[in-house]
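Numbering-wise (my numbering), the sequence shown opens with residue 4 and increments by one. Built from N, CA and C at the ideal position, the CB exists for glycine as well. In what follows, a structure is listed as structure tokens, so that the remarks can point back to it.
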Amino acid sequence: MQPVQRKLILTLLAVLIFPLCFDPNEAANTGSKHFVLVHGASHGAWCWYKVVTLLRSSGHNVTTIDLTASGINPIQASSLQSISDYFKPLRDVMEGLSLRQRVILVGHSFGGMALSHVMERYPKRLLLLCFTESSRRAGSIGDSRCSYDNGPNNPPTACTIGPMFSASRVYQLSPIQDWTLANTLVRPQRLFSDEDLTREITLSERNYGSVRRVAIISEDDKLIGKDFILWMIERNPPDQVLEVKGSDHMVMMSKPMQLFALLQHIANTTHY
């Protein structure tokens with residue numbers, strides 16, 4: 004692995020933290036929070052539907068976004084010139100906050116890139132960041148389909164998750180209905196160069212380092228080896244790390260109640 008790639012992976016470590024126990028009556032003890040949920044590669048705001056329902060039912064304000072060329076965003080992946088274009092919908096949300104508003108950002112997988120991007124730019128508008136594991140290192144892509152807009156002799160420019168790859172490596176522990184939904188809704192993911200990533204995700208201790216970060220490991224995530232995730236944690240430690248038992252990569256699909264319990268716990272222990 005090249006040094007630049009390793010550095011980027013370290014900055015994007017994404018995991019969710021689950022409390023060892025959770026009292027559902029805790030919600031009454033603190034005020035509601037504003038959560039902003041960011042999806043991973045090829046997905047969209049739709050993948051959060053279970054967690055959104057649970058959070059809103061508990062009185063929280065929830066914003067879900069479609070990053071550019073994702074979900075129902077009308078722009079096509081082939082139109083993206085840089086990863087900055089891909090992040091723009093999240094920047095727009097952050098710009099729309101008043102000076103006194105604070106949010107808890109939750110990013111899944113490749114969505115951790117977007118979180119790192121805005122952490123550096125809007126640290127004073129963030130209460131906490133909650134990362135889920137990054138999928139920069141997925142290995143073989145199986146039946147996933149790549150596009151070569153710059154010609155077959157150049158690197159691929161976009162990739163779409165294949166149904167068999169999804170079933171065996173991404174959604175293997177999720178309900179089959181959610182796997183079916185994903186096969187209907189996933190879109191091509193633009194592939195960005197390391198040079199572009201390095202330019203747009205430059206992190207400092209003053210900004211990025213000032214925001215509390217929480218991370219979780221999904222026990223049965225097959226996109227990335229657990230040893231590699233632990234290696235990333237050791238080199239770029241968040242403030243907390245716990246593990247979700249029995250979760251595949253799509254933790255919001257396979258273990259939504261546990262994820263909700265985590266987020267509720269974070270809301271109850273995070274203060275303005």
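Quick check: the Cα distance between residue i and residue j, rounded to an integer number of angstroms?
{"i": "Trp-234", "j": "Leu-57", "result": "33 Å"}
{"i": "Asn-157", "j": "Thr-272", "result": "49 Å"}
{"i": "Arg-59", "j": "Ala-270", "result": "13 Å"}
{"i": "Ser-169", "j": "Ser-82", "result": "25 Å"}
{"i": "Leu-224", "j": "Ser-177", "result": "Position check: residue 224 holds Asp in this sequence, whereas Leu was assumed. The alpha-carbon atoms of Asp-224 and Ser-177 are separated by roughly 11 Å."}
{"i": "Thr-135", "j": "Asp-230", "result": "16 Å"}
{"i": "Asn-186", "j": "Arg-148", "result": "13 Å"}
{"i": "Ser-35", "j": "Leu-100", "result": "16 Å"}
{"i": "Ser-171", "j": "Leu-102", "result": "45 Å"}
For residue i, count the other beta carbons within 10 Å of its own beta carbon; 16 or more makes it buried, fewer makes it exposed. Which is it?
{"i": "Cys-24", "result": "For Cys-24, the pLDDT reaches just 33, beneath the cut-off of 50, and the residue's location in the model is therefore unreliable, leaving the point undetermined."}
{"i": "His-42", "result": "buried"}
{"i": "Leu-15", "result": "Note that Leu-15 has pLDDT 35, beneath the 50 cutoff, so the model's placement of it is unreliable and no number is given."}
{"i": "Lys-248", "result": "exposed"}
{"i": "Thr-183", "result": "exposed"}
{"i": "Met-255", "result": "buried"}
From what residue to what residue does the alpha helix (DSSP H) around residue i run?
{"i": "Asn-271", "result": "259–272"}
{"i": "Glu-123", "result": "114–124"}
{"i": "Ala-161", "result": "Where Ala-161 is concerned, there is no enclosing alpha helix (DSSP H), although the beta strand (DSSP E) it sits in stretches over 161–163."}
{"i": "Val-55", "result": "52–60"}
{"i": "Arg-184", "result": "Note on residue identity: the sequence assigns Leu, not Arg, to residue 184. That run of the alpha helix (DSSP H) goes 179–188."}
{"i": "Val-96", "result": "86–98"}
Hey, residue i and residue j are a contact pair by Cβ (cut 8 Å); roughly how many whole angstroms apart?
{"i": "Leu-191", "j": "Ser-257", "result": "Per the sequence shown, residue 191 should be read as Pro rather than Leu. Rounded, the Cβ-Cβ distance is 24 Å, inconsistent with contact."}
{"i": "Ser-221", "j": "Ser-250", "result": "4 Å"}
{"i": "Val-173", "j": "Met-253", "result": "6 Å"}
{"i": "Val-54", "j": "Leu-262", "result": "6 Å"}
{"i": "Val-217", "j": "Gln-175", "result": "Actually they do not touch by this definition, with Cβ atoms about 25 Å apart."}
Output the boundary residues of the beta strand (DSSP E) element that contains residue i.
{"i": "Leu-217", "result": "The question names Leu, yet the displayed sequence has Val at residue 217. 216–221 is the span of the beta strand (DSSP E), which, as asked, contains Val-217."}
{"i": "Thr-284", "result": "Within the shown structure, residues of the chain are numbered from 4 to 275, placing residue 284 beyond reach of any answer."}
{"i": "Arg-148", "result": "148–150"}
{"i": "Glu-208", "result": "Glu-208 -> no beta strand (DSSP E), and no H or E assigned at all."}
{"i": "Val-236", "result": "Note that residue 236 is Ile in the sequence shown, not Val. No beta strand (DSSP E) contains Ile-236, which is instead part of the alpha helix (DSSP H) from 229–238."}
{"i": "Val-173", "result": "Looking at the DSSP string, Val-173 is not in any beta strand (DSSP E), and its letter there is neither H nor E."}
{"i": "Gly-2", "result": "Coverage of the chain is limited to positions 4 through 275, which leaves residue 2 absent and any answer about it impossible."}
{"i": "Gly-110", "result": "106–110"}
### Message
Quick check: the segment 122–133 against the segment 63–71, are at least 3 beta-carbon pairs closer than 8 Å?
### Response
Counting Cβ pairs under 8 Å, fewer than three are found: no touch.
### Message
Does the structure place the segment 109–124 close enough to the segment 198–215 that three or more beta carbon pairs sit under 8 Å?
### Response
yes
### Task
Evaluate the contact criterion for the segment 100–107 versus the segment 44–54: three or more CB pairs, one atom per stretch, below 8 Å.
no
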